[in-house]
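Take 37 as the starting number for the sequence shown in the working numbering and just add one per residue. In this text, a Cβ means the ideal position worked out from N, Cα and C, and glycines have one as well. Notes to accompany the following structure.
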Amino acid sequence: MRIILLGSPGSGKGTQAQFIAEKYRIPQISTGDMLRAAVRAGTPLGLAAKQVMDSGGLVSDDIILGLIKERIKHDDCANGFLLDGFPRTIAQAEGLKAMDVAIDTVIEIVVDDEQIVKRMAGRRVHLQS
């Protein structure tokens with residue numbers, strides 16, 4: 037099963053992503069986690085992303101799409117994967133489509149703004165960030 041899971045911060049997306057990934061025994065793929073891993077590993081895409089991030093810029097869709105393309109080739113994605121919060125932009129969605137990545141389903145978690153604010157108010161803040 038190849039799944040895209042979308043939702044605002046505080047919507048419960050991460051909780052549901054973990055549940056779905058465990059149920060279907062597929063990896064949960066987060067672009068943030070992939071970026072950090074690629075930078076740590078010193079891959080060409082990771083080094084390109086680090087350069088952009090160090091200069092205070094946003095990592096380009098091309099770099100993100102390259103990371104996704106590499107990640108879904110791993111053996112653990114043979115039976116599917118869950119893309120957690122990706123794509124974020126129309127350009128990323130078009131890029132995914134251009135890569136001919138077959139997606140079985142897209143799930144969007146919709147939560148009222150008022151509820152999101154309540155949930156986010158209860159989250160811990162990392163003061164050093």
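Item, Value
"Please state the DSSP three-state secondary structure of Phe122.", "coil"
"Is Ile56 helix, strand or coil when you go by DSSP?", "helix"
"Would you mind listing the beta strand (DSSP E) stretches within the stretch 53 to 112 that are 3+ residues and don't spill past its ends, in chain order?", "64 to 66"
"Leaving out five residues before and five after Leu119 in sequence, what residues of the same chain have Cβ atoms less than 6 angstroms from its Cβ?", "Ile40 and Ile65"
"Could you work out which residue in Arg124, Arg155 and Ile145 is closest to Asp98 when comparing CA atoms only?", "Arg124"
"In angstroms with no decimal places, state the Cα-to-Cα distance between Gln182 and Ile62.", "As shown, the chain starts at 37 and ends at 165. That puts residue 182 outside it, with no answer to give."
"Among the residues of its own chain, which have a CB less than 6 angstroms from the CB of Lys86, if the five just before and after it don't count?", "Val75"
"For the beta strand (DSSP E) that contains Ile143, what are its first and last residues?", "Thr141 to Ile145"
"Using alpha carbons as the reference points, say which of Gly50, Arg155, Ala157 and Asp140 lies closest to Gly68.", "Gly50"
"If I'm right that Lys109 touches Met135 with Cβ under 8 angstroms, what's the distance once you round it to whole angstroms?", "With a Cβ gap of about 11 angstroms, Lys109 and Met135 do not count as contacting."
"Between Ala73 and the rest of its own chain, which residues show a CB-CB distance below 8 angstroms, the 5 nearest in sequence each way excluded?", "Gly82"
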